[in-house]
Structure formats: structure tokens, C-alpha cells
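Remarks on the structure that follows.
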Amino acid sequence: MYSEEFQEQIARLKTDKISGSEEIVRRAVLLIKNEIHLNPARFGKIIDLSEMLRKVIDIKKEMSALRNVLIYFMDFFQHGVAVEDLADRVIEKMDEQRNHLIDKLIPIISQCKNIVTMSRSSTIFSALKKLSETQDSDKLPELTIFESRPALEGKKLALEVVNLGYKVNYLVDAAVGRAVKTLNPDLVLIGADTIFPNGNVVNKIGCHALAIFAFQDKVPFYVTSTTLKLLLKSIPFTIQSYPSTEVWAKDKPKEVKVYNPYFEIIPANLITGFITEYGFSTNIPDVRLVLEKEYIREMYE
Numbered sequence: 134m135y136s137e138e139f140q141e142q143i144a145r146l147k148t149d150k151i152s153g154s155e156e157i158v159r160r161a162v163l164l165i166k167n168e169i170h171l172n173p174a175r176f177g178k179i180i181d182l183s184e185m186l187r188k189v190i191d192i193k194k195e196m197s198a199l200r201n202v203l204i205y206f207m208d209f210f211q212h213g214v215a216v217e218d219l220a221d222r223v224i225e226k227m228d229e230q231r232n233h234l235i236d237k238l239i240p241i242i243s244q245c246k247n248i249v250t251m252s253r254s255s256t257i258f259s260a261l262k263k264l265s266e267t268q269d270s271d272k273l274p275e276l277t278i279f280e281s282r283p284a285l286e287g288k289k290l291a292l293e294v295v296n297l298g299y300k301v302n303y304l305v306d307a308a309v310g311r312a313v314k315t316l317n318p319d320l321v322l323i324g325a326d327t328i329f330p331n332g333n334v335v336n337k338i339g340c341h342a343l344a345i346f347a348f349q350d351k352v353p354f355y356v357t358s359t360t361l362k363l364l365l366k367s368i369p370f371t372i373q374s375y376p377s378t379e380v381w382a383k384d385k386p387k388e389v390k391v392y393n394p395y396f397e398i399i400p401a402n403l404i405t406g407f408i409t410e411y412g413f414s415t416n417i418p419d420v421r422l423v424l425e426k427e428y429i430r431e432m433y434e
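For the sequence shown, the numbering used here begins at 134 and goes up steadily by one.
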């Protein structure tokens, strides 16, 4: 049995509709850290640690980052890192990856006059923030942002970047085609919740349509993410429908069935390239974590 706080926070993370995948992962790591510190001796065996990590995977099964970050936990554990220090080592690794990615991303976005994005990638926001600290506001790229229904994380991003000095075009999600065709973007840039081994990407609903219009109008469509989001092998992916009340809360006729998916798959053939902590690649990142232990393989079962 785990602490009441652990179980409550797990439930909260499951219902988080706005935070990006990396933000959720970081909160999950802190949750693991706090649970371990309550009784470190309880996690002296790898099976005890893996059981808790599996509960964390269940927070968002569609997020590869949760699976991969837990592999980091297991790997550090096997290499003799004290159980009390595991979370700190994992965060250090994530920080290193993210900082390298932002350093690779800034030279690309700094050359743009107009960037289109969907949803709210914490990595993209961090890069935009860092760029705003070194560049005059009149030289910053104009941003085209969609509301990202139903949680409106695009609105949150718009408010954040305006405070950094950016000019923003803000549109409803259905206007993706119009925006790509008429606003002359230099590129479309999105984050990723999952990158499959074949290069397909899972991200916020609406990104597939955005990719199609970008492809038709020959606008580069880039996915930026650390390799933490890269699946080590293919696993089944099911598009889930979330609470209908987020779309239609009052006076909905019983004959109306609301479908409210948060995520969808963007096919690899629509993606121009990937920007990771290793730089730019026109194919899926070549980096793979080495699965040397059976317990790591089992994380994908």
C-alpha cells in the first residue's frame, strides 16, 4: 500500500488536461521521490521499485516519456545509485537533455519571422523564453497559436508569450488551413507526447490536420522533443475519448454522443524533420536506449 498523498497525486495527474508531457513526467518523478523518502528501506529490491513505477506508467499510458523515464530509474538503481538519490539523478538527466535541445532549437526559431504551433509544448515555451532574453522584441518571430480545445492550453501559451514580448495571431482550431495558407509561416513547430520507432508522432488533436495543410502548402513541419519521448519498441496505441462534459456540459440531448479525444497520430510522411538534443534529423532520431535487462523490456509489456 502506498501513501494517501501518493495515490491522490496519481489521481490528479491522470486528470491533468493542460500540462505538457514533460511537465507531467517531472511531477511524477517528484511524486516518486517523496514516496521513496517516506520509507527508503521499502524499495531495497528492484521488484519493489518496479511495482511502484508501473503505477506511474498508468497515469498516462499514451506518454512514452513516462515509460522511458522509469527505465532511467531502473538503470540508475542497477548501477548502484542509492534509492534516495534516484529521482535527483533522473531529473539531472532530463535537465541535461532539455538544455541541449533548447540550445539546438534556438538557432532555428531565431531565423524565423512567423512560427505556427499547436497546443502548449513546455520545451517550445522554454526556447521562446530564452530567445526573448537575448533578442529585442521587434526581432522576435511572430507566433500563430490555436486555442487547442477543450482545455485551451493554446490560450495559456498565448498569454505567456505575449508577456515575453511576442506578437501573437490567435485562432480557433478549425482555422488551421486558413492560417497556414494566409499567414506565410516559415515553419510549423510542435512538441510530442510520443515518437514511435517508425517516425509517427502522437500529439494534441488537431496536429494531424495542421500537418496535412503544411504539407500541401510546402511549409516545413518540425517536431521537437528530447529522445525521452522516443519509444524503444512499438506498443499498442488507443485513442481515448475524455469526458464529454468538457465539450458539451449542459442541455445535451441524450441522442447526441460526444467524442472528445485529446491525442492523435501524425504520420511520419507529413513530418519534415525532428529537432532533438542531438540536433536536426530528417528521420526519426537514431538514438536508442540499450535494453540490456529483461526488467526493462517488461516495462513495455
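Here a beta-carbon is modelled for each residue, glycine too, at the ideal position from N, C-alpha and C.
- By the Cβ criterion, the segment 163-175 is in contact with the segment 215-226, since at least three pairs of Cβ atoms, one from each stretch, lie closer than 8 Å.
- Judged by pairs of C-beta atoms under 8 Å, the segment 190-204 touches the segment 357-374, as three or more such pairs exist.
- Counting only residues of its own chain and dropping the five nearest sequence neighbours on each side, K262 has a CB closer than 7 Å to the CB of L297.
- Under the three-state reduction of DSSP, L316 is assigned to coil, being neither helix nor strand.
- Spatial neighbours of V249 in its own chain (CB-CB distance under 6 Å, excluding positions within 5 residues in sequence) are listed in chain order as T277, P318, V321.
- Taking C-alpha positions only, N247 is separated from Q349 by approximately 18 Å.
- By the Cβ test, the segment 176-194 is not in contact with the segment 222-234, since fewer than three Cβ pairs between them sit closer than 8 Å.
- DSSP lists P394 as the bridge partner or partners of S374.
- DSSP places E217 in the helix class (H, G or I) of the three-state scheme.
- Annotation: the continuous beta strand (DSSP E) that includes F407 extends over 406-409.
- Straight across, the Cα-Cα distance linking S281 with N331 is about 26 Å.
- Nearest to I257 by alpha-carbon distance, out of S270, P283, G287, P376, is G287.
- Counting C-beta pairs closer than 8 Å gives fewer than three between the segment 209-217 and the segment 299-307, which falls short of the contact rule.
- Nearest Cα to E155 within the set S374, A174, H233, S197: S197.
- Here I372 really is in contact with E397; their C-beta atoms are around 6 Å apart, less than 8 Å.
- The Cβ atoms of L403 and F354 lie closer than 8 Å to each other.
- At least 8 Å separates the beta-carbon of A325 from that of V313.
- Cβ neighbours of V380 within its own chain (closer than 7 Å, five residues either side excluded): P283, V391, N393.
- For V202, the enclosing alpha helix (DSSP H) stretches over residues 197-211.
- The beta carbons of I239 and P274 sit about 11 Å from each other, so the pair does not count as a contact at 8 Å.
- In its own chain, leaving out the 5 sequence neighbours on each side, no residue places its CB closer than 7 Å to the CB of D191.
- Under the three-state reduction of DSSP output, I242 falls in the helix class.
- One Cα belongs to K337, the other to N232, and the distance between them is close to 23 Å.
- With respect to the 8 Å criterion, T409 and T327 are not classified as neighbours on the basis of their beta carbons.
- In the three-state reduction of the DSSP assignment, T415 falls in the coil class, being assigned neither a helical nor a strand state.
- Going by DSSP, F139 is part of the alpha helix (DSSP H) stretching over 137-147.
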